[in-house]
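Below is one structure, written out as structure tokens; comments come after it.
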Amino acid sequence: MDFRGDERAVTVQIGAVLLFGIIIISMSMYQATVVPNQNEQVEFLHNQEVHDQFESLRGAIIESSSETTPRPSTVSLGTRYPSRTLFVNPGPVSGTLQTRELGSLTVTNVETTEAETSDYVNGGLSYETKSLEYRPDYNVLQSAPTTVYENTVSYNRFDTGYEGTLNDGQSLINGRTISLVLLQGDYSENGVGSATVDAQAVSPATRTVPVTRDASGNVTISVPTELSEDAWRELLAEGNDDYVHSVDRSGDRVEIEMQGEEGGDSVTYNLRVGAVEVGSGVDEPAAYYLTVVDGASTRSIGSGDTETLTFEVRDRYNNPVSGVSVNFSASGGSVSIDPEGPTTDSEGRIRVTVTGESAGTAEVLGSFDDATFTPSTRQDAGVEVSVSSGEAAESGGVGGLLYENDAVARDGDDSFSTPGGVEFSLRNVGSDSVELLSVVVNPHDDSIDGLSDRVDGGDDDPGEPELYVESPSGDALVDYQITQNEFVDVPEDGLAIDIDESGDIGGSNPVVGSGESARFYVYEFYDTDPFGGTNVDMTGEWLSVRVTYRLPSGLVDAKTFSFEANAQPEGGVNAPPTPRTTGPYSVPEGESIQLDGSGSSDSDGSITSYSWSITDDPTGQASLSNPSSARPTFNAPDSVSGDTDVTVELTVTDDDGATSRRTTTVTVTDTDGGGNAPTVEITDIQVSESGLSGNVRSATVSFTPDDVDGDLRTGTVSLRVGGEVTDTASFSLTGAEGTTVTSQLDGGNTRGTVELTVEVTDSRGATGSDTKDETQV
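In terms of my numbering, the sequence shown has 750 at position 735, counting the first letter as 1, and numbering is strictly consecutive.
Given below as structure tokens:
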């Protein structure tokens, strides 16, 4: 058979070759088009995942800025493509996450009314901060953005200049609250896997400083940023229209100017600063300035009384620093001091107990840098303490009210069980009655910023209104008619309550007689930052309370007390008794005086025994008769060289065997030495008339008091017009010997001859006076 012309095998071979070629071409096209498209989708989804992770990272940084615990977050640096059997993938995607220098975040044109804090705030603040950026190295996806966190905002930045925030969120400004979250540290991670970022506050934002504009202009926040001013305007628009005045770019910064006034008054902003570390390279912030928690206003105490002053050491971010040694001293000999410990506690605070030793003025000074005290520098702080004599206290002066060491945290009549209220008692140890005018309540923890009884319809009993005062002369209350979701704002310098004017329901000012006590009920305290507010357990919380009162003479005075609220007694737990004395006392040498502890009480039982003892007697000759009675007799030494203080202690025991102690002072006066009566001379009288009517609007008298013994105490001026008394005034003259004193009195818009009488009194009760009319000077 001849196969020479048979061509069938050629057709098969050619078909196989053509088919193979088609397969190769198809696979090449798949490799060139489909695989890149699929890989681009993988890269796109990874980029979206990074966006979500940056939102979580942003939240972690912001939340950690006010906490002590770290907040970890994860960012996927890269990704891998799905495995392919016949096709080829490029290498896995990697990325870089690292911090980047931004510049200084500043607040200018700012000042604060907090006296010691002003050493730190006034003039402006400046802090360095950074951004955290993720840059991917994609193989296919073109124009992928750099994802950035800075200044509480997360956004995408494109090479084309376009920028887009990942959401509408920013936490820099929220109404009247300015929160600076500073990012610090050195962080850099590159690779394919996941990177864990631990956001850890090196200075948690636990303190808030009230600030206002200064004479230079409105409060201005200068933000180093790569976001445009339009992006910042859009971010700040939500809820801030009333407070953000303008947003403008200046170089690589955006200047945010806040509103200066609201309703004709300067706007007060709450400034918080928190520093957060990522990576490493950040040191713990050192002590930067010292402040006084209750404010640096003058404190008034009586001789033998005590006052607790609370100092706080803060870092340059305005947050507390623990473990710092603080040196204390007191100028002059009017007070003695007893610091509670050598270093600040976990809240950066250290308390000093001040005891009035003798009449006069002293300054309690603290410093953490050295033993050289200069209150005008930020490392130092001082509080002036005015001490009145025992006699002034007895006559109802600044020593007229005494805290009874009985503060307790209790639950009010709301629907919750948290002991968010505080009760305490003040005793009138003066000889005159006092009319209670107002109360300023200031929790030391700045996060306690709201007060609400949260009781609908009730205001008749303690625990129902925000303030209730029990007094033997009649009770008083202040009730704010607010909803369940509202609070009375408690400012950083305390909530001021005028007893007969504040609130929506109130009454007259209560009067506390000599030797009587008033019980105060303040309900209940809240931290308003969380949603709906959190009822604060006041057990163990420190408060300062300033009570303003008026004496029958018309003299208005105030006294500040600082104390810790104790836990309320519960089933089977005995509350200790409360000892009370009517001192301090004064007795001439060689004579006797009856002491009185009968006002002592026990909240859950009765007093079963009294025990008096002399704990400090410089003469060694004083004695007690019937020291186991409620009213023993103190027998003064026959002779003392100068007025001498003897310390007496009362110990009371209740029916459960619990005991409590309280000391008081008995001043034994030297009746042999000195004894010269004080003198006074009226040197000038100026009369102011009402227009051309001839009626007397006011009279100003100048006089010179003196006492060769140097123990002037008080003065009283009376104005008579046409023989009728139109006004009187009383005041302290301690240390005023030989000086010119001026007092202005109301003429009552009456007509007649103007006549003034000035009477001065020394520590022994001796008096001197002078009376003149307007024609005699």
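Virtual Cβ for every residue (Gly too), placed ideally from N, Cα, C.
Model, not experiment: these values are computed from the prediction.
The residue from Phe-649, Thr-121, Phe-540 with its alpha-carbon nearest to that of Ser-432 is Phe-540.
Unbroken beta strand (DSSP E) stretches of 3 residues or longer found wholly inside the segment 156-209: 161-165, 168-172, 178-180, 192-199, 203-206, given in chain order.
In the three-state DSSP reduction, Ile-622 falls in the strand class (E or B). The shortest CA-to-CA distance from Ala-290 to any of Ala-637, Ser-601, Asp-653, Ile-77 is the one to Ile-77. Judged by pairs of C-beta atoms under 8 Å, the segment 635-648 touches the segment 595-612, as three or more such pairs exist. Straight-line measurement puts the Cα of Asp-267 at about 22 Å from the Cα of Asp-201. Linking Leu-197 to Lys-145 through their CA atoms gives a straight-line distance of about 7 Å. By the neighbour-count definition (other C-beta atoms within 10 Å, threshold 16), Phe-576 is a buried residue.
Under DSSP, Ile-697 shares a beta bridge with Phe-718. Secondary structure at Ile-38: helix, using DSSP grouped into helix, strand and coil. Contact between Ser-315 and Ser-403 holds: CB atoms are separated by about 7 Å, below the 8 Å threshold. According to DSSP, Asn-581 shares a beta bridge with Val-423. About 10 Å separates the Cβ atoms of Asp-653 and Val-683, ruling out a contact at the 8 Å cut-off. By the criterion of at least three beta-carbon pairs nearer than 8 Å, the segment 83-94 is not in contact with the segment 242-253. For the pair Val-400 and Tyr-170, the Cα-to-Cα distance works out to about 54 Å. Collapsing the DSSP output to three states places Ala-751 in coil.
Taken in chain order, the whole alpha helix (DSSP H) runs of length 4 or more contained in the segment 292-380 number zero. In this structure the segment 105-117 lies against the segment 141-156, because at least three pairs of beta carbons, one per stretch, are closer than 8 Å. If the five residues before and after Tyr-304 are omitted, its C-beta is found closer than 7 Å to the C-beta atoms of Asp-134, Tyr-135, Arg-329, Arg-393, Gln-394, all from its own chain and listed in chain order. DSSP lists Asn-285 as the bridge partner or partners of Pro-225.
With fewer than 16 other beta carbons inside 10 angstroms of its own, Ala-301 counts as exposed. Arg-534 places its beta carbon 8 Å or farther from that of Glu-579. The beta-carbon distance between Val-695 and Gly-783, rounded to whole angstroms, is 5 Å. This is short enough to meet the 8 Å contact definition.
An exposed status is given to Ser-351, since fewer than 16 other beta-carbon atoms sit within 10 Å of its beta-carbon. Ser-281 places its beta carbon less than 8 Å from that of Arg-228. An exposed status is given to Phe-102, since fewer than 16 other beta-carbon atoms sit within 10 Å of its beta-carbon. Note that the C-beta distance between Thr-167 and Leu-187 is below 8 Å. Counting every other CB atom within 10 Å of its CB across the protein chains shown gives Ala-377 a total of 16 or more, marking it as buried. In this structure, Val-681 places its C-beta atom within 8 Å of the C-beta atom of Val-661. Counting C-beta pairs closer than 8 Å gives three or more between the segment 450-462 and the segment 551-564, which meets the contact rule. Spatial neighbours of Glu-481 in its own chain (CB-CB distance under 8 Å, excluding positions within 5 residues in sequence) are listed in chain order as Leu-466, Ser-467, Asp-468, Val-493, Asp-494, Tyr-495, Val-503, Ile-512, Gly-518, Val-537, Tyr-538. In this chain, the alpha helix (DSSP H) harbouring Asp-245 covers 244-252. Under a 10 Å Cβ-count criterion, Thr-731 is classified as buried, with 16 or more other Cβ atoms of the shown protein chains found around its own Cβ. Here Pro-239 is buried, its C-beta having at least 16 other C-beta atoms within 10 Å. Our two residues, Asn-500 and Asp-464, have alpha carbons roughly 14 Å apart in a direct line. From the listed residues Thr-719, Gly-184, Pro-151, Thr-161, the smallest Cα separation to Ile-697 is found for Thr-719.
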